[in-house]
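Here is the structure we will look at.
There are 2 protein chains.
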Amino acid sequence: MATIYEVSKLVGVSVATVSRVINGSTRVSDKTRQKVLSAMQALDYKPNPIAQSLATNRSDCVGVLVPEVHGPVFGAMLSGIEAELRDAGKFTIFATGHNLEAKEREAIRFLNTRNCDALIMHVEALADASIHRQAHNGPPILIMNRVVSGLEDRCISLDNEHGGYIATNMLLEMGHREIAYISGPLAWGDASDRLAGHRRALEEHGLELDERLVIESNFHEVGGSEAMEELLRRELPFSAVVCANDEMAAGAMDTLRARGTSIPDEVSLVGFDNAPLSRYLYPKLSTVNYPITEMGRMAAHWVLENVYGQSGTAIQHVFKPSLVMRASAGRSPN
Amino acid sequence: MATIYEVSKLVGVSVATVSRVINGSTRVSDKTRQKVLSAMQALDYKPNPIAQSLATNRSDCVGVLVPEVHGPVFGAMLSGIEAELRDAGKFTIFATGHNLEAKEREAIRFLNTRNCDALIMHVEALADASIHRQAHNGPPILIMNRVVSGLEDRCISLDNEHGGYIATNMLLEMGHREIAYISGPLAWGDASDRLAGHRRALEEHGLELDERLVIESNFHEVGGSEAMEELLRRELPFSAVVCANDEMAAGAMDTLRARGTSIPDEVSLVGFDNAPLSRYLYPKLSTVNYPITEMGRMAAHWVLENVYGQSGTAIQHVFKPSLVMRASAGRSPN
DNA sequence: GAGTATGATGTAACCGCTTTCACAGCATGG
DNA sequence: CCATGCTGTGAAAGCGGTTACATCATACTC
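Sequence order for the protein chains is A and B.
Numbering-wise (the working numbering), the first sequence opens with residue 1 and increments by one.
Numbering-wise (the working numbering), the second sequence opens with residue 1001 and increments by one.
Here is the structure:
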């Protein structure tokens, strides 16, 4: 690989001048610039990014910390992030935290050693205090799907309350009155916000939330199945069920089908996330769209703007989910 | 951040000695080593990886090129790669090629500028010649899901022929004789290999492949739907359908259900990949397992062994798929 | 025409680490 | 007792860039 020295020798200028051409920062006479550029071309010269990093203390790398790489949500998020950063010539390095505090902490340390210029992180286990610490000591960070107080301008999140609201509201407008709810772990902000939206929708329709129709589960398919079984065991009437994510809805659907319950004729079902699986279920699942790819893109934009100084679009910190109507929800049979 | 100089000053030795301690390569007296180590601890010193890279001409980064980041197959593959590399303290940088030659080429260039120590790539559009060129000029490469002649020891792939074979064989053993086949684009090696396996299974049972029962499609859900429609239009009898991937099987299932055909009572359906969606379909899809996460891990192992000189497990270049029996396939009704 | 601002370029230090080479000190063998 | 061979360590030259500062023409001002 050619170095900057060979270029400078070929042209007969100093390396400083070549560097100036590369970076386009200071003025260089047009004639010199042209000569340098063609020499660079002739030698197929590419600046060594490692050396540049060392000299500038920037790495052009953005670290991304997600719970998992695969899966509909994180995969889509990574996809959005990578696309944007790549367009801007930045590198995406990722690490997984598995929603475990120790792992998340270790992953951050790992990414820090790489001198990332910024960190985009989706962490669940890490406490706010740790995030604050990281925000003040390390490189700039952007937090996904979580609002950390005091760092609101560093967060990009979904309006989960609104999502919960529109799901239930839709069912109410279809005539349902007895609506069960299968929730995620209420210790997590997204789960409790979604439930809050559900409650608000009910209240706006003059109904009160019946705690007995709410089951706290774990966002997993099996959890959804079990939650539905528990619900049936309680022998309370309901004509619709809102599930706090699509996976639990899939589990709930399985259980209902095993009982021979017809969806949506006897029970309507609504999910949350609009994960790919929601289209594969039968009947296809009505759900709340989670624009995670766009949110990933937005995170990348934030970094490009705030770390690399590229002017861009305005940053949207809170995204509104929207309803996706499919076959699993219909009018109330009553 | 503390530098190696501060450590050396604190201990009263030269930076060379500190470096020796860091790298553990040359002998250092125990006493000195201990002093250096505790000084490093006291200063919370971490070697700057960028500087190390510049000096050693290694980046500790492995580039991964995939068509897409999300999706069941690539997400799972990335997951396996990241887990292994991370354990070894290596960084994973990824880029997407979207199966377009120009994009793949550009992504490789992009990763090359980062001085990756190795490239793991899953490319479809790039011609063998280009891959050979890259293999000889750039950093070591490992090719996923494709066998490039002359570079077999650099490839990790699935025995697609075997996969096609076991799928059809299972149906034959269940008494099916008229088996339709919805294929992926036959220009792609994996698609044609799967079909070849299908053909071999038939032949081993004394049957000949009926070309009219084979439809070439595109590996997508809609394609599967349309292929099934075309198949039905041909009005040939068949009691089972093998689809070359799960997505097409999902589409085919939709079409059959729309016609009121019962699965598996009237028609058995088998997919390929064992993607998550296969479990969400109704009835749950019997399919051929594609151990993509393990293959990703293996790719990482190859890199660790051949590039970083870590001794490890033996490298398995060809993986055997296996059958996953679920509800969508049953005995022939005849 | 002297003084001065301005633009283009060169010089050299520096980023933080690795590694070759030299050398001192000490044990060993004849 | 001297030649020899190890061991442990230091000095210094890179790795390939960036950039503060110096320098030198040149153009402009009065």
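Every residue gets a Cβ at the ideal spot worked out from N, C-alpha and C, and that includes glycine.
In its own chain, which residues sit with a C-beta less than 6 angstroms from the C-beta of residue i, not counting the 5 before and 5 after it?
i: Leu1047 (chain B); result: In the sequence as displayed, the identity of residue 1047 (chain B) is Pro instead of Leu. Around Pro1047 (chain B): Ile1022.
i: Arg1058 (chain B); result: Asp1117
i: Val324 (chain A); result: Asn274, Thr287 and Asn289
i: Asn1160 (chain B); result: Asp1190, Asp1193 and Arg1194
Can you give me the C-alpha to C-alpha distance between residue i and residue j, rounded to a whole angstrom?
i: Ser1239 (chain B); j: Ser1328 (chain B); result: 12 angstroms
i: Asp1353 (chain B); j: His1220 (chain B); result: No answer is possible for residue 1353 (chain B): the residues shown for chain B start at 1001 and end at 1334.
i: Lys1031 (chain B); j: Pro49 (chain A); result: 38 angstroms
i: Ala127 (chain A); j: Asp193 (chain A); result: 18 angstroms
i: Leu236 (chain A); j: Arg259 (chain A); result: 16 angstroms
i: Leu186 (chain A); j: Ala196 (chain A); result: 10 angstroms
i: Ala1201 (chain B); j: Met1253 (chain B); result: 23 angstroms
i: Glu1152 (chain B); j: Glu1104 (chain B); result: 21 angstroms
i: Glu229 (chain A); j: Ala249 (chain A); result: 13 angstroms
i: Leu1158 (chain B); j: Asn1137 (chain B); result: 27 angstroms
i: Leu207 (chain A); j: Gly175 (chain A); result: 13 angstroms
i: Lys90 (chain A); j: Leu142 (chain A); result: 16 angstroms
i: Val1307 (chain B); j: Lys1320 (chain B); result: 26 angstroms
i: Ser130 (chain A); j: Glu101 (chain A); result: 10 angstroms
i: Ser225 (chain A); j: Ala1051 (chain B); result: 53 angstroms
i: Asn112 (chain A); j: Arg234 (chain A); result: 51 angstroms
i: Ala1135 (chain B); j: Ala1016 (chain B); result: 35 angstroms
i: Ile1156 (chain B); j: Arg1146 (chain B); result: 7 angstroms
i: Gly251 (chain A); j: Ala83 (chain A); result: 33 angstroms
i: Ser1053 (chain B); j: Trp302 (chain A); result: 29 angstroms
i: Leu1172 (chain B); j: Ala180 (chain A); result: 46 angstroms
i: Leu37 (chain A); j: Glu1106 (chain B); result: 21 angstroms
i: Gly1223 (chain B); j: Arg1177 (chain B); result: 25 angstroms
i: Glu211 (chain A); j: Ile182 (chain A); result: 11 angstroms
i: Ser1322 (chain B); j: Glu1204 (chain B); result: 19 angstroms
i: Asp44 (chain A); j: Ala2 (chain A); result: 7 angstroms
i: His1162 (chain B); j: Trp1188 (chain B); result: 16 angstroms
Buried or exposed: which applies to residue i, given that a residue is buried once 16 or more other Cβ atoms fall within 10 Å of its Cβ?
i: Ser1217 (chain B); result: buried
i: Glu269 (chain A); result: In the sequence on display, residue 269 (chain A) carries Leu and not Glu. Classification for Leu269 (chain A): buried.
i: His70 (chain A); result: buried
i: Gln34 (chain A); result: exposed
i: Ala1300 (chain B); result: buried
i: Met1170 (chain B); result: buried
i: Gln316 (chain A); result: exposed
i: Ser25 (chain A); result: exposed
i: Ser1278 (chain B); result: buried
i: Glu247 (chain A); result: buried
i: Ala55 (chain A); result: exposed
i: Ala1314 (chain B); result: exposed
i: Asp87 (chain A); result: exposed
Report the CB separation of residue i from residue j in whole angstroms; it is logged as a contact under 8 angstroms.
i: Val66 (chain A); j: Phe74 (chain A); result: 4 angstroms
i: Val1007 (chain B); j: Met1040 (chain B); result: 6 angstroms
i: Leu1213 (chain B); j: Arg1199 (chain B); result: 11 angstroms between Cβ atoms; not a contact.
i: Thr944 (chain B); j: Leu1085 (chain B); result: The structure shown does not extend to residue 944 (chain B), since chain B is modelled only from 1001 to 1334, so the question has no answer here.
i: Ala227 (chain A); j: Gly184 (chain A); result: Wrong, their Cβ atoms sit about 10 angstroms apart, outside the cutoff.
i: Ile1120 (chain B); j: Met1144 (chain B); result: 6 angstroms
i: Phe110 (chain A); j: Val64 (chain A); result: That belief does not hold up - the Cβ atoms of Phe110 (chain A) and Val64 (chain A) are roughly 12 angstroms apart, past 8 angstroms.
i: Pro72 (chain A); j: Pro276 (chain A); result: 5 angstroms
Using a Cβ-Cβ cut-off of 8 angstroms (strictly less than) and excluding sequence neighbours within five positions of residue i, which residues of its own chain qualify?
i: Ser79 (chain A); result: Thr293 and Gly296
i: Val1267 (chain B); result: Phe1238, Ser1239, Ala1240, Val1241, Leu1256 and Thr1261
i: Pro1283 (chain B); result: Ile1263, Pro1264, Arg1326, Ala1327 and Ser1328
i: Ser311 (chain A); result: Glu305
i: Ala42 (chain A); result: Leu10
i: Pro1333 (chain B); result: Ser1239, Asp1265 and Glu1266
i: Glu68 (chain A); result: Phe74, Thr96 and His98
i: His1132 (chain B); result: Val1148, Gly1150 and Leu1151
i: Val1028 (chain B); result: Thr1017, Arg1020, Val1021 and Val1036
In this structure, what does DSSP give as the bridge partners for residue i?
i: Leu1269 (chain B); result: B:Val1241
i: Glu1216 (chain B); result: B:Ser1183
i: Val1318 (chain B); result: B:Ser1157
i: Cys1061 (chain B); result: B:Phe1091
i: Met1121 (chain B); result: B:Leu1065 and B:Ile1143
i: Asn1137 (chain B); result: Partner(s): none; Asn1137 (chain B) has no beta bridge.
i: Thr1313 (chain B); result: Answer by DSSP bridge pairing: none, since Thr1313 (chain B) is not bridged.
Near residue i, what residues of its chain come up, given a Cβ to Cβ distance below 7 angstroms and the 5 sequence neighbours on each side ignored?
i: Ser19 (chain A); result: Ile4
i: Leu981 (chain B); result: Since the first residue shown for chain B is 1001 and the last is 1334, residue 981 (chain B) is missing from the structure and cannot be characterised.
Nearer than 7 angstroms: is that true of the beta carbon of residue i relative to any heavy atom of the ligand MG?
i: Ser1268 (chain B); result: You won't find the ligand MG in this model; it holds no ligand whatsoever.
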